[in-house]
Amino acid sequence: MLRCSKLVTSYHNRRAIHSFSATNGLINTPSSRNFFWSGNDGDDNSNNGKGGNQKSNSRNEVKANSSDGNGEEVISSGAAMPTKIGIGDEAPRYPHLTALPLINKPLFPGIITSVTVSDEATIDALEKIKGTGAGGYVATFLRKKYPTGVTEGGVLIDHPEVITDASDIYKVGTLAQIHRINRNFGHQHDNVLQDTIIDDNDPDINDDKSVSVLLLAHRRIGLLSVDNVGPPIDTLCSHWPKMYYKMGEDTAQDDIIRALSNEVLKTVRDIAQTNPLFRENVNFYPMRVDSNDPYRLADFAASLTTGSPEELQNVLEEKDPEARLQMALELLSKERELSKIQQEISKKVEEKMSETQRKYMLTEQLKSIKKELGMEKDDKEALLTKYRKKMASYSTVPEEISEVIDSELEKLSTLEKNSSEFNVTRSYLDWLTSVPWGEISEENFDIKRAREVLDRDHYGMDEVKDTILAYIAIGKLKGGIQGKILCLSGPPGVGKTSIAKSVAEALGRKFYRFSVGGLSDVSEIKGHRRTYVGAMPGKAIQCLKTSGTMNPLVLIDEIDKLGTGYRGDPAAALLELLDPSQNDSFMDHFMDVPVDMSRVLFMCTANDLGTIPGPLLDRMEVVRLSGYDVPEKVQIAEQYLVPKALKECGLAQEIIDQESERSNEQEEGDSSEDKKSVQNSIPESLTIDRTAIDKLVRWYCREAGVRNLNKYIEKISRKLALQVVAEEEGAELTKDSKRKSDTWVVSEDNLDNYVGKPIFTSDRLYDKDPLPHGIVMGLAWTSMGGSALYIETQAIKRGTDDKGKPKGGGGLKVTGQLGEVMNESSQISYTVARARLAEIDPDSNYFDNTDVHMHVPEGATPKDGPSAGITMTTAMLSLALDKPIRNDLAMTGEISLTGKVLPVGGIKEKIMAARRAGITCVILPSQNQRDYDEMPDYLKEGMEVHFAEDYQKVYDVAFG
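Structure below.
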């Protein structure tokens, strides 16, 4: 890499400059950072000696002086080699020079600087030039392409001293003399700064192939041609003649030059007032540059600035003294403004720091004064007092806890405030004293009031309500309710989470909820060890602090979605917390003391009990919430969802009246009148009719819960609100939003205008009766509720070979994205169907000569479970016997290899799905009769149900 800087800061470079100045007549001061030679013609005799008698190498042939037409001297061939080596304008005028491209800024005559070179070929050439004894002269040119050393894409150039074309460098540069070449200069600089000894044999040091080249600039040169782009770069150059401005020839010009020179000097001094680096150079300036020489003054001023490479190159190329001074003055003016901005920023920072220090000192003084007057204690004493006061406020603190707290208080009193152990102990005491030891909230034992609260917010859910009322009754008999663990299991949207809040209100307990869905860190349950940074207790302790009691109702949401990871298994951590026989002494990792969680009532929610680990499920009392059927959804919508949606949209008339009165009391003026006008414009007939709700439930929202139904009702309410306001203001609406009927009642007739066309048109894929051969409707349970699905079978005649014999043997192919259990069930059903066909028709060889393809529609939906066993068997027998199945028949049940019909789950959801599909006859396993008997009567009304113990009963109903 190559870098050029006007500031020579390294130790060895300062020594080099000092020795260089001493041997070449430079005026120098130790305090200077910018080294500028005086430019004095000096004593020509000082340049005589060995240097004047040295011969040039073969490629530096001496040429006679001639002019190139631009005032620049070109040395022609055949002349004698210069016999003396000087500095400045007295330096030799070699035409052939090795070029060294620079970045960031050009090198001005009279400047000493160091350049970093990393290209091996260029380094070898520079060392060879330095060792020839001919003075070590090179040509330096600013790069024209990427002058800052960075490409347009922001990539740093590896070797800036290497070019690929002559156009990569500017045409005007500087003749410079190599004074010293230092290898591993970066390590040497570190050595000087750190006073350490560096071994030259260290391979890490020797790997650094860059060198530092110390250069002294003499005069401007012009680039005539590039003979070889190298590296190294061979060039043919012309040397500029000595430029000297003679005063007295043009008075007007002299005045301008003098004024510009004075302004340059003034600007430099102004910058020196705010910039320490400039100040050093200004102090150094009067002894080395003649202020009457505008050329050298402009060069010196430009070298002080941080202008752009292009601006500095323009100064270097300029020959007119007035123009050069003007350019330098512009650069100095920019530098002055930059220094002012820098000074303002520094001043603002200092003022802010001073203000902060002042506040700190005054605060400390105030603390000292208050302490002397006895008005305030120090921080440590105040903390101890606060903790003791907290503990005194609790009614009953366990003895073991009290001993731990006393021990920690004594420990805190002996620790320094600035020690890390102090903060750890303080955090521990914060949590120990924040747990409401012995604080119990007053509970409600009034069953009637509790029932009112539960019925107010939720429709149905009788099993949950009866369980809670039973707890209240036991509490009234025993004088208190002991903590229990309930798990509410059911599809999404049935109110599992919301009913927990109502239960807490009914019991008179504080409510705390946290979700464990996706939780994979045991520390969230059991807390962190106190040694960790940012350690804190788990959720169990946090709920006690937040609620302020030892008997809150804690809802653990989505417990069936617990995760596992490298941080442990949270399900295993919950075993202790949710075990009634263990949680009276729950140990949190952070607290490290037993905490009684037995009074806490835990309620958990889950969609699928199958994903909850067995040991954890065993500790909970499970309450299953089946989905809502059509009548229940209609009641929920009428009693809860519609009033809530109209209220939130500002359409409920009684709410509007209250808000209007409140608004009139608080506001006056036109805006209040406008609001009142809009509120009064709400039609009294605006409502959502029961027929619309019924249509929504049947043809738009068939899921088990009511969450989607609520979304549709809110959508209708928002559109009604838009129509009311738009008609009041006379605003235009889009075709979809405009009211299309003359009434404000949303009914089944105009429901499509608000929510679009129905999503569901029919539950039946096949409407004709009977069904096609080989097709039977089954009933399935999903996490979203019950579903009716068809089992389809199709026969494929086996082909024959050349001899007329059938190929292969009869087989079964199954599709429809079935799970492993359902695949096994299909194989069992196929075997039972073959065995049953052999009993019915011993002469039939249907399955021997025919391949069967069985498919369950909706192939994108995964399906699994054994409950379709009898359905698949019936479909294959229908195909083999060529007998259709009645259209209003559906069935569910697992089948064994011997034809036994085994019980299945989700009977209520399946019956509800059958009713939605218009099924009037259902076949169920005989062992599920008790589940059917427990169902509400309206679900059983009009339903013909057959209970089968073995497949013979199924066959009789389906084919009889």
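Residue 5 in UniProt numbering sits at position 5 of the sequence shown; the count goes up by one each step and never skips.
The beta-carbon is built from N, C-alpha and C at its ideal position, and this holds for glycine as well.
Beta strand (DSSP E) containing proline 294: first to last residue? For the purposes of this step, residue 294 is taken as residue 294 along the sequence shown, with counting starting at 1. Looking at the DSSP string, proline 294 is not in any beta strand (DSSP E); the run it does join, the alpha helix (DSSP H), is 294-304.
Given this structure, state the Cα-to-Cα distance separating serine 926 from valine 945, to the nearest angstrom. Here residue 926 refers to the residue found at position 926 of the sequence shown. Here residue 945 refers to the residue found at position 945 of the sequence shown. Distance between the alpha carbons of serine 926 and valine 945: 10 Å.
Could you spell out where the beta strand (DSSP E) holding isoleucine 181 opens and where it closes? For the purposes of this step, residue 181 is taken as residue 181 along the sequence shown, with counting starting at 1. From DSSP, the beta strand (DSSP E) with isoleucine 181 extends over 172-183.
Proximity to tyrosine 932 [Cα-Cα], best of Asp956, Val904, Ser787 and Val954: Taking the sequence shown and counting its residues from 1, one reaches residue 932 at position 932. Nearest option by C-alpha distance: Val904.
Best match in Leu617, Val706 and Arg567 for proximity to isoleucine 628 [C-alpha to C-alpha]: Counting from one through the sequence shown, the residue named residue 628 turns up at place 628. This sequence places tyrosine at residue 628; isoleucine is not what is there. Of the listed residues, the one whose Cα sits closest to tyrosine 628 is Val706.
DSSP three-state assignment for tryptophan 699, whether helix, strand or coil: Residue mapping note: residue 699 aligns to position 699 of the sequence shown, counting from 1. If DSSP states are grouped into helix, strand and coil, tryptophan 699 belongs with the helices.
Alanine 450: which of Ile440, Val464, Gly438 and Trp437 sits nearest, CA to CA? Position 450 of the sequence shown, counting from 1, holds the residue named residue 450. Checking every option, the nearest Cα to that of alanine 450 belongs to Val464.
Does the pairing of the segment 116-131 with the segment 257-269 give three or more beta-carbon distances under 8 Å? no
For aspartate 234, report the span of its alpha helix (DSSP H) as first-last. For the purposes of this step, residue 234 is identified with residue 234 of the sequence shown, where counting begins at 1. Counting along the chain, no alpha helix (DSSP H) covers aspartate 234; the unbroken beta strand (DSSP E) around it starts and ends at 233-239.
Hey, would you say leucine 779 sits closer than 9 Å to isoleucine 911, going by beta carbons? For the purposes of this step, residue 779 is taken as the residue at position 779 of the sequence shown. For the purposes of this step, residue 911 is taken as the residue at position 911 of the sequence shown. A contact, by the Cβ cut-off of 9 Å.
What residue range does the alpha helix (DSSP H) around cysteine 543 cover? Working through the sequence shown from its first residue, we reach residue 543 at position 543. From DSSP, the alpha helix (DSSP H) with cysteine 543 extends over 539-547.
So, do the segment 637-644 and the segment 514-524 have three or more beta carbon pairs nearer to each other than 8 Å? no
If I'm right that isoleucine 485 touches proline 580 with Cβ under 8 Å, what's the distance once you round it to whole angstroms? Within the sequence shown, residue 485 is the residue found at index 485, counting from 1. Within the sequence shown, residue 580 is the residue found at index 580, counting from 1. Right, their Cβ atoms sit about 7 Å apart.
Alpha-carbon spacing of valine 697 relative to valine 630, whole angstroms: Reading the sequence shown from its first residue, position 697 is the one you call residue 697. Reading the sequence shown from its first residue, position 630 is the one you call residue 630. Using only the alpha carbons, I get a separation of about 6 Å.
CA-CA distance, threonine 267 and valine 533? For the purposes of this step, residue 267 is taken as the residue at position 267 of the sequence shown. For the purposes of this step, residue 533 is taken as the residue at position 533 of the sequence shown. Each residue's Cα considered, the two are about 56 Å apart.
Asparagine 262: buried (16+ other C-beta within 10 angstroms of its C-beta) or exposed? Here the question's residue 262 lines up with position 262 in the sequence shown. Exposed, since its Cβ has fewer than 16 Cβ neighbours within 10 Å.
Taking C-alpha atoms, which residue in Ile447, Tyr790 and Asp769 lies nearest to isoleucine 775? Taking the sequence shown and counting its residues from 1, the one referred to as residue 775 is at position 775. Comparing Cα-Cα distances from isoleucine 775 to each of Ile447, Tyr790 and Asp769, the minimum goes to Tyr790.
Please state the DSSP three-state secondary structure of valine 397. Against the sequence shown, residue 397 aligns to sequence position 397. The three-state reading of DSSP puts valine 397 in coil, since its state is none of H, G, I, E or B.
Around the Cβ of proline 286, are there at least 16 other Cβ atoms within 10 angstroms (buried) or fewer (exposed)? Mapped onto the sequence shown, residue 286 falls at position 286. Because proline 286 sits at a pLDDT of 45, beneath the cut-off of 50, its placement in the model cannot be relied upon, and the point is left open.
List the endpoints of the continuous beta strand (DSSP E) containing alanine 890. For the purposes of this step, residue 890 is identified with residue 890 of the sequence shown, where counting begins at 1. DSSP places alanine 890 inside the beta strand (DSSP E), whose first and last residues are 889-891.
Could you tell me whether the Cβ atoms of serine 825 and proline 866 are closer together than 9 Å? The residue given as residue 825 occupies position 825 in the sequence shown. The residue given as residue 866 occupies position 866 in the sequence shown. Yes, Cβ-Cβ distance for serine 825 and proline 866 is below 9 Å.
Between which two residues does the alpha helix (DSSP H) harbouring tyrosine 830 extend? Taking the sequence shown and counting its residues from 1, one reaches residue 830 at position 830. 820-840 is the extent of the alpha helix (DSSP H) around tyrosine 830.
Leucine 432 versus proline 398: straight-line alpha-carbon distance, rounded: As a working mapping, residue 432 is identified with position 432 in the sequence shown. As a working mapping, residue 398 is identified with position 398 in the sequence shown. Approximately 12 Å between the Cα atoms of the pair.
Tell me, which residues are paired with leucine 331 by DSSP? Numbered from its first residue, the sequence shown carries residue 331 at position 331. BP columns for leucine 331 are empty, so no partner.
Just how far apart, CA to CA, sit alanine 914 and proline 936? Along the sequence shown, read from residue 1 onward, the residue named residue 914 stands at position 914. Along the sequence shown, read from residue 1 onward, the residue named residue 936 stands at position 936. Using only the alpha carbons, I get a separation of about 15 Å.
Can you name the residues that DSSP bridges to arginine 220? Here residue 220 is taken as the residue at index 220 of the sequence shown, counted from 1. Within the DSSP bridge table, the entry for arginine 220 names Thr174 as partners.
Apply the 10 Å Cβ neighbour rule to tyrosine 512 and answer buried if 16 or more other Cβ atoms are within range, or exposed otherwise. As a working note, residue 512 is residue 512 in the sequence shown. Classification of tyrosine 512: buried, given that the 10 Å Cβ count is 16 or more.
Would you identify the three-state DSSP class for glutamate 894, choosing helix, strand or coil? To locate residue 894, count along the sequence shown from 1; it is residue 894. DSSP, read as helix, strand or coil, puts glutamate 894 in strand.
So, at 7 Å on beta carbons, what are the nonlocal neighbours of valine 755 in its own chain, with the 5 sequence-adjacent residues on each side left out? Locating residue 755 in the sequence shown gives position 755, where the first residue counts as 1. For valine 755, where only same-chain residues beyond five positions count, the Cβ hits under 7 Å are Tyr700, Tyr712, Lys715 and Ile716.
Leaving out five residues before and five after methionine 327 in sequence, what residues of the same chain have Cβ atoms less than 8 Å from its Cβ? Counting from one through the sequence shown, the residue named residue 327 turns up at place 327. Counting only residues of its own chain and dropping the five nearest sequence neighbours on each side, methionine 327 has a CB closer than 8 Å to the CB of Ala298, Ala302, Glu311, Asn314, Val315 and Glu318.
CB proline 857 to CB histidine 773, shorter than 9 Å? Translated into positions along the sequence shown, residue 857 becomes position 857. Translated into positions along the sequence shown, residue 773 becomes position 773. For proline 857 and histidine 773, no; Cβs fall outside 9 Å.
Pull up the CB-CB distance for aspartate 851 and lysine 908, whole angstroms please, since I reckon it's below 8 Å. Residue mapping note: residue 851 aligns to position 851 of the sequence shown, counting from 1. Residue mapping note: residue 908 aligns to position 908 of the sequence shown, counting from 1. Contact flag wrong, Cβ pair sits at about 38 Å.
Going by other Cβ atoms of all chains shown within 10 Å of its Cβ, with 16 needed for buried, is alanine 392 buried or exposed? As a working note, residue 392 is residue 392 in the sequence shown. Looking at its Cβ environment, which holds fewer than 16 other Cβ atoms inside 10 Å, alanine 392 is exposed.
At 3 residues or longer, what runs of the beta strand (DSSP E) sit wholly inside the segment 98-167? 112-117 and 137-142
According to the neighbour-count rule (16 or more other Cβ atoms, all chains shown, within 10 Å of its Cβ), is residue 994 buried or exposed? A query on residue 994 cannot be resolved here, the shown segment of the chain reaching from 1 to 960 and no further.
For a test of the three-state rule: what should DSSP assign to methionine 872, helix, strand or coil? In the sequence shown, counting from the first residue as 1, residue 872 sits at position 872. Methionine 872 falls in the helix class under three-state DSSP.
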